[in-house]
Amino acid sequence: MADINSPDSEPTTRTLLRRVLDTATPRRPRSASARRTLYEKVPSRNLRSQTKTPVRQCTHEARPVGKLARVQASGHLEEQTPRTLLKNILLSAPESATLMPESMVKPVPAPQVVQPSRRESSRGSLELRLPELEPSTTLAPGVLAPGKRKQRLRLSMFQQEVDQGLPPSQEPPGTADASSVTSSLNLTFATPLQPQSVRRPGLSRRPLTRRAVDVGAFMQDLHNSSLALAPSGPGEPAQFLAGKAEEVDVELSGGEVGEEAEDRMEEEGLHVSKVKEAAGGQELARTGEPEGHTQVSEAEASQRATEAEEPEESSMDEDVAGRAASPEVARSTPRFLQAKQVHQFLKPAPPSGVAASSSEALELLSARISSRHQTVGPRPQRDPYKAGLSHYAKLFSFYAKMPMEKKAFEMVEKCLDKYFQYLCDDLEVFATHAGRKTVKPEDLQLLMRRQGLVTDQVSLHVLVERHLPLEYRQLLIPCAFSGNSVFPAQ
Amino acid sequence: MALSTIVSQRKQITRKAPRGFLKRIFKRQKPHLRLDPTADLLVHLNCLLFVHRLAEEARINACENKCRILNKDHVLAAAKVILKKSRG
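Protein chains in written order, with numbering that gives the first Met the number 0: chain A, 0 to 489; chain B, 0 to 87.
Shown next, in the form of structure tokens:
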């Protein structure tokens, strides 16, 4: 092996990796000569595969160190499987630096399969010397698991040596060397993270903190508070709820659990109870305090609430009358985000100390929600109607070519409303005058003539061409086609 | 026939007419009447021209008052004039 090693004595990751691959492939026992031939191929392969000249430079530089490393590496290579070799590579990744001391050499031997890709990525961070965990973590995490302990030991040593070795390493010719060194260094930094992540492969890394107990305690508190709620008005329950909400908020602020808690609350909230609305509003106020998560949770709850709104509306209306404190108050709070009563409760809520700050946030939320779902009746009139009107209001702002106030938009929508009424009346008059029950384009043409839009100078076709897109124009204006045909047919 | 093929090729219209919205309005106001599909587009054209005139008038009002932003007063005054014109 020594003779093989001398020709290309580079402990660079690439060369080492090459060697590993060559040695790894023949699992069956091979003669030394066979191995030698494999090794001989390595330098040629290296030259061919390596697109970067600096690598070659590195190889020349690393001769003294590489020899030792290679000897060890070869020993490793013969006995280990490709998997173990890769593992060693990953473990010893940082040690691929040319000027690393001998202690580093041992990790180096394992050729680094990943090196080529890693090096490129790590070159960028050469200057920073920051551990690039992501590229390394993605690579064969499972392989790293057993070697993590060794990794850490080496790391500490490595870091010291890196600090020492980097400045001198940069002197040697070519930034390639330094980059390779740093790349290896970067790899070392990256490695420590890998074992940690490898401990729990896949998604089981994150320990799930179940807050079921907290919710249970919360429920108990609710029960206790509900008993106290009955005699008192909505004010006191708010305080109770505030306390519980705070607990819930603490949980919610935990992050993921917030959603879980809400789910639980929602499940329990399926029972529509009278006091829910009152409690809901106050609870919302409480939840609003820890703003970030609670608002998110509220938003989620409100979303869910809006989804379930319609089936609940009828029941809610019934429940509005009675306001008995019930343990389900807290549970049903998410449901009642939509409830109009939230508004009412928000008003008494502010006086309660806890709700003061959060009530504003809640009011905004509830206002939004309530404005959207005030009643079932006006709803179809408002939402799509307003959407259609706003469509024309946008056109208004476009035609005006000037900045507009928000109130001006509302004014425009009112005018459009009136205009539509006039339009329908006129069209009805024209249609009945013609003895028809359908409004035809002729009626429209007459209307536009009466409005003064269509004159002797300006015909309807001109207006159509000016303002409508091509597709509509084709539908409206009769056009002659070949074969003596006209579309649309007159 | 030839036209229909052309229309079907390009389905994306940049400035679409809210035909469903207009039909719904008409139905709500005059349930005993029916609206032609072609008349639908002309109603949309009428709305466009109305809005156009309204915007022009409002812009003139704002310029007369030397305002850079359209106020609701400008719009209100413009609406009075234009609605009167649009009555037919």
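Note that the Cβ used here is the ideal one computed from N, Cα and C, for glycine as well. As the structure is a computational prediction, the values presented were derived from the model and not from experiment.
*Taking contact to mean at least 3 C-beta pairs separated by less than 8 Å, is the stretch 468-483 of chain A in contact with the stretch 65-81 of chain B?*
As far as the Cβ criterion goes, the stretch 468-483 of chain A does not touch the stretch 65-81 of chain B, which means the pair count is below three.
*Can you have a look at A:Q456 and say buried or exposed, based on whether 16 or more other CB atoms are within 10 angstroms of its CB?*
As a position in the first sequence, residue 456 of chain A is number 457, starting the count at 1. Exposed, by the Cβ-count rule.
*Can you check whether the CB of B:R33 is closer than 8 Å to the CB of A:K436?*
Locating residue 436 of chain A in the first sequence gives position 437, where the first residue counts as 1. Locating residue 33 of chain B in the second sequence gives position 34, where the first residue counts as 1. The Cβ atoms of A:K436 and B:R33 sit closer than 8 Å to each other.
_So A:K436 contacts chain B; which residues on that side make the cut at Cβ distance below 9 Å?_
To locate residue 436 of chain A, count along the first sequence from 1; it is residue 437. Residues of chain B passing the Cβ test: H31, L32, R33.
*At a CB-CB cut-off below 8 Å, which residues of chain B make contact with A:K385?*
In the first sequence, counting from the first residue as 1, residue 385 of chain A sits at position 386. For the C-beta of A:K385, not a single chain B residue is nearer than 8 Å; the gap to the nearest is close to 10 Å.
*What does a CB cutoff of less than 8 Å around A:A430 pick up in its chain, not counting 5 residues either side in sequence?*
Here residue 430 of chain A is taken as the residue at index 431 of the first sequence, counted from 1. Counting only residues of its own chain and dropping the five nearest sequence neighbours on each side, A:A430 has a CB closer than 8 Å to the CB of K436, T437, V438, K439, D442.
*Using a cut-off of 7 Å between C-beta atoms, extract the partners of B:A57 located in chain E.*
Among the protein chains of the structure shown, namely A and B, there is no chain E.
*Given A:M403, which residues of its chain have a CB within under 7 Å of its CB, disregarding the five upstream and five downstream residues?*
Looking up residue 403 of chain A in the first sequence gives position 404. Take A:M403, set aside five residues on each side of it, and the residues of its chain with a beta-carbon closer than 7 Å to its own are S396, in chain order.
*Check the DSSP bridge columns for A:C478 and list the partner residues they point to.*
Working through the first sequence from its first residue, we reach residue 478 of chain A at position 479. Bridge partners of A:C478 according to DSSP: A:F486.
*Helix, strand or coil for A:A426 per DSSP?*
The residue given as residue 426 of chain A occupies position 427 in the first sequence. Note that residue 426 of chain A is Leu in the sequence shown here, rather than Ala. DSSP, reduced to helix, strand and coil, places A:L426 within a helical segment of the structure shown.
*asked:* What does the alpha-carbon distance come out to for the pair B:I59 and A:S481?
replied: If you number the second sequence from 1, residue 59 of chain B lands on position 60. If you number the first sequence from 1, residue 481 of chain A lands on position 482. Answer to the nearest angstrom: the Cα atoms are 47 Å apart.
*Take A:Y471 and list the residues in its own chain whose beta-carbon comes closer than 8 Å to its own, dropping the five residues that flank it on each side.*
Residue mapping note: residue 471 of chain A aligns to position 472 of the first sequence, counting from 1. Taken in chain order, the residues that qualify are V463.
*Check A:M410 in the structure and name its three-state DSSP category.*
Here residue 410 of chain A is taken as the residue at index 411 of the first sequence, counted from 1. Three-state DSSP puts A:M410 in a helix.
*Can you tell me which of the three DSSP states A:T437 falls into?*
If you number the first sequence from 1, residue 437 of chain A lands on position 438. A:T437: strand per DSSP, three-state reduction.
*Going by beta carbon distance, what residues of the same chain come within less than 7 Å of B:V80, once the five residues before and after it are set aside?*
Taking the second sequence and counting its residues from 1, the one referred to as residue 80 of chain B is at position 81. Taken in chain order, the residues that qualify are E56.
*May I ask you to report which of helix, strand or coil DSSP gives B:R14?*
The residue labelled residue 14 of chain B in the question sits at position 15 within the second sequence. Per DSSP, reduced to three states, the secondary structure at B:R14 is coil, with no helix or strand assignment.
*Which of the three DSSP states, helix, strand or coil, is assigned to A:M401?*
Here residue 401 of chain A is taken as the residue at index 402 of the first sequence, counted from 1. Taken through DSSP and simplified to helix, strand or coil, A:M401 comes out as coil.
*DSSP on B:R58, reduced to helix/strand/coil?*
Counted from its first residue, the second sequence places residue 58 of chain B at position 59. The answer is helix: DSSP assigns B:R58 an H, G or I state.
*May I ask you to report which of helix, strand or coil DSSP gives A:T286?*
For the purposes of this step, residue 286 of chain A is taken as the residue at position 287 of the first sequence. For A:T286, the predicted structure reports a pLDDT of 44, less than 50, and the residue's modelled location is therefore unreliable. A value from the coordinates is still provided. Looking at A:T286 - three-state DSSP - the assignment turns out to be helix.
*Span separating the alpha-carbon of A:L20 from that of A:I88*: In the first sequence, counting from the first residue as 1, residue 20 of chain A sits at position 21. In the first sequence, counting from the first residue as 1, residue 88 of chain A sits at position 89. About 11 Å.
*Smallest Cα separation from A:L459: which of B:C62, B:R86, B:N45?*
Within the first sequence, residue 459 of chain A is the residue found at index 460, counting from 1. Selection B:C62, B:R86, B:N45 evaluated against A:L459 yields B:N45 as nearest (Cα-Cα).
*Contact residues within the stretch 40-66 of chain B, judged by C-beta distance below 8 Å to chain A*: Of all residues in the stretch 40-66 of chain B, only L40, L41, V42, H43, L44, N45, C46, L47, L48, F49, V50, H51, L53, A54, E55, A57, R58, A61 place a beta-carbon less than 8 Å from a beta-carbon of chain A.
_Range of the contiguous alpha helix (DSSP H) that encloses B:L32_ = In the second sequence, counting from the first residue as 1, residue 32 of chain B sits at position 33. Where B:L32 is concerned, there is no enclosing alpha helix (DSSP H), because DSSP gives it neither an H nor an E.
*asked:* With the cut-off set at 8 Å, would you say B:L40 and A:L467 are in Cβ contact?
replied: Sequence index remark: in the second sequence, residue 40 of chain B carries index 41 (1-based). Sequence index remark: in the first sequence, residue 467 of chain A carries index 468 (1-based). At the C-beta level, B:L40 and A:L467 come within 8 Å of one another.
*Is the CB-CB distance between A:Y398 and B:H51 below 8 Å?*
Looking up residue 398 of chain A in the first sequence gives position 399. Looking up residue 51 of chain B in the second sequence gives position 52. Cβ distance < 8 Å, so A:Y398 and B:H51 count as in contact.
*Which residues of chain B have a Cβ atom closer than 7 Å to the Cβ of A:L474, listed in chain order?*
Counted from its first residue, the first sequence places residue 474 of chain A at position 475. Ordered by position in chain B, the residues that pass the 7 Å Cβ test against A:L474 are T37, L40.
*What is the rounded straight-line gap between the Cα of A:G387 and the Cα of B:Q28?*
For the purposes of this step, residue 387 of chain A is identified with residue 388 of the first sequence, where counting begins at 1. For the purposes of this step, residue 28 of chain B is identified with residue 29 of the second sequence, where counting begins at 1. Approximately 15 Å, taken between the alpha carbons.
_Any beta carbon of chain B sitting closer than 8 Å to that of A:V463?_
Taking the first sequence and counting its residues from 1, one reaches residue 463 of chain A at position 464. Yes - at least one Cβ of chain B is within 8 Å of the one on A:V463.
*Coarse secondary structure for A:L467, derived from DSSP in three states*: By one-based count along the first sequence, residue 467 of chain A stands at place 468. For A:L467, the secondary structure class from DSSP, reduced to helix, strand or coil, is coil.
*Can you list the residues of chain B that A:P440 reaches, using a CB-CB cut of under 9 Å?*
Numbered from 1 along the first sequence, position 441 holds the residue referred to as residue 440 of chain A. What A:P440 touches in chain B, judged by beta-carbon distance under 9 Å, is D35, T37, A38, L40, L41, going in chain order.
*Bridge partners of B:L69, per DSSP?*
Locating residue 69 of chain B in the second sequence gives position 70, where the first residue counts as 1. Answer is A:M403, bridged to B:L69.
_Where B:S85 falls, given that 16 or more other Cβ within 10 Å makes a residue buried_ = Taking the second sequence and counting its residues from 1, the one referred to as residue 85 of chain B is at position 86. The residue is buried, with at least 16 neighbouring Cβ atoms inside 10 Å.
*Expressed to the nearest angstrom, what Euclidean distance is found between the alpha-carbon atoms of A:L85 and A:Q219?*
The residue labelled residue 85 of chain A in the question sits at position 86 within the first sequence. The residue labelled residue 219 of chain A in the question sits at position 220 within the first sequence. Cα to Cα, A:L85 sits roughly 56 Å from A:Q219.
*DSSP state of B:G19, grouped into three classes?*
Counted from its first residue, the second sequence places residue 19 of chain B at position 20. Three-state result, B:G19: helix.
_Assumed close pair B:L53, B:A78 - CB separation to whole angstroms, cut-off 8 Å_ = The residue labelled residue 53 of chain B in the question sits at position 54 within the second sequence. The residue labelled residue 78 of chain B in the question sits at position 79 within the second sequence. Yes, they are in contact, since the Cβ atoms of B:L53 and B:A78 sit about 6 Å apart, within 8 Å.
_Neighbour-count burial assignment, B:C66, 16 or more Cβ in a 10 Å radius_ = Here the question's residue 66 of chain B lines up with position 67 in the second sequence. B:C66 comes out exposed.
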